[in-house]
Amino acid sequence: MKKVVLKNLGMFCLLLSCIYIIGCQEAKKPVAQAPAEAPHDHDHDHPHPHPHPHGDAHEHSDVPDSSDASEGLIIELGDGYHAELIQTSTSTSTVVFILDSSLELVEPIDAKEIMVNVTHDGEAKQYPLTAKRQQEDPPKQSSRFITEDPELFEDLGHDDVRAQLVVEIGGRQYRGDIEEGHGEHAHDDHDEHAESHEDHEEGDADHEHEDDDHEEGDDDHGDDHDDSHDEDHDADDDVGQQENDAK
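Residue numbers (this note's numbering): 493 to 739.
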């Protein structure tokens, strides 16, 4: 009986030892971590191009006659895309930069040209702006588009004009309204520059006219001097003749 009790006690102790060992091994196993969730691409339907700083456009360093560039007009296109339209007062240039949602980065696109649709006095017109790559733009992409068309420059200066920018990005067309009369500052400066140039030309013409009058006055003075000299000479001849007659 005593041997049976000891045997059962030994088996019980062995069982406890096994349970302890198994528990320790389970505690040492690393906890399985859930796989990290892949970031969700919100732009999977509209892939954005590679942006780069837009400081050059804000400083207007890539705009013809940039020292006279007007304040850029921001145009909202949709899906976070924007555009900045810039005109100058000393030329007829119209420049458009494609921007991201922060308005601080330009976004090059694949388009070779973009369009400005204009309706003025019941007449609809379309003006293309051609891609002109900036140095940082990727190959075959451009964030800058330019036209020198004077008619677009004039049309955008009217208060009653309706204008819209049309851009294709990633196979999708985006449109943004261009505010009426947005280019008044540039156009006013342009008109003042033209008037100043005309005034300068008129001043030169007046100066030439004064020179002609001065030359005519000199000629008249010379003629009067010659006539007076001839009259004095004739008077001397008469006096001499009278003296001879008296003798």
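Where a beta carbon is used, it is the ideal one built from N, C-alpha and C, also for glycine.
Counted within 10 angstroms of its Cβ, other Cβ atoms place residue i as buried (16 or more) or exposed
i	result
glycine 649	buried
proline 600	buried
isoleucine 511	exposed
isoleucine 606	buried
leucine 657	buried
leucine 506	exposed
Residue i versus residue j - alpha carbon distance
i	j	result
aspartate 535	aspartate 651	Unreliable positioning characterises aspartate 535 in this predicted model, as indicated by a pLDDT of 44, which lies under 50. A coordinate reading is not provided.
tyrosine 619	aspartate 602	19 Å
histidine 612	leucine 597	33 Å
lysine 604	lysine 624	9 Å
proline 642	threonine 580	12 Å
valine 608	glutamine 633	19 Å
serine 585	serine 593	25 Å
threonine 639	glycine 614	23 Å
alanine 655	isoleucine 670	5 Å
leucine 577	leucine 591	11 Å
aspartate 571	threonine 622	23 Å
serine 583	leucine 644	12 Å
glutamate 628	tyrosine 666	24 Å
leucine 595	valine 659	17 Å
First through last residue of the alpha helix (DSSP H) which encompasses residue i
i	result
leucine 644	642-647
Residues near residue i by beta carbon distance below 7 Å, same chain, minus five either side
i	result
glutamate 568	His574, Gly668
isoleucine 661	Tyr573, Ile601
Element boundaries [beta strand (DSSP E), containing residue i]
i	result
alanine 818	Outside the modelled stretch of the chain, which goes from 493 to 739, sits residue 818, for which no answer is possible.
glutamine 656	654-661
glutamine 568	First, the residue type needs correcting, since residue 568 is glutamate and not glutamine in the sequence shown. Start and end: 565-570.
aspartate 651	Where aspartate 651 is concerned, there is no enclosing beta strand (DSSP E), given that its DSSP letter is neither H nor E.
Cut-off 6 Å between Cβ atoms - residues of its own chain near residue i, not counting five sequence neighbours on either side
i	result
arginine 636	Phe589, Lys624, Gln626
aspartate 740	There is no way to answer for residue 740, as the model of the chain reaches only from 493 to 739.
Chain-order list of residues whose beta-carbon lies under 8 Å from that of residue i (same chain, five-residue window excluded)
i	result
alanine 616	Asn609, Val610
What ranges does the beta strand (DSSP E) occupy inside the stretch 573-642, keeping only unbroken runs of at least 3 residues that lie completely in it? 573-579, 586-591, 605-612, 615-623, 636-639
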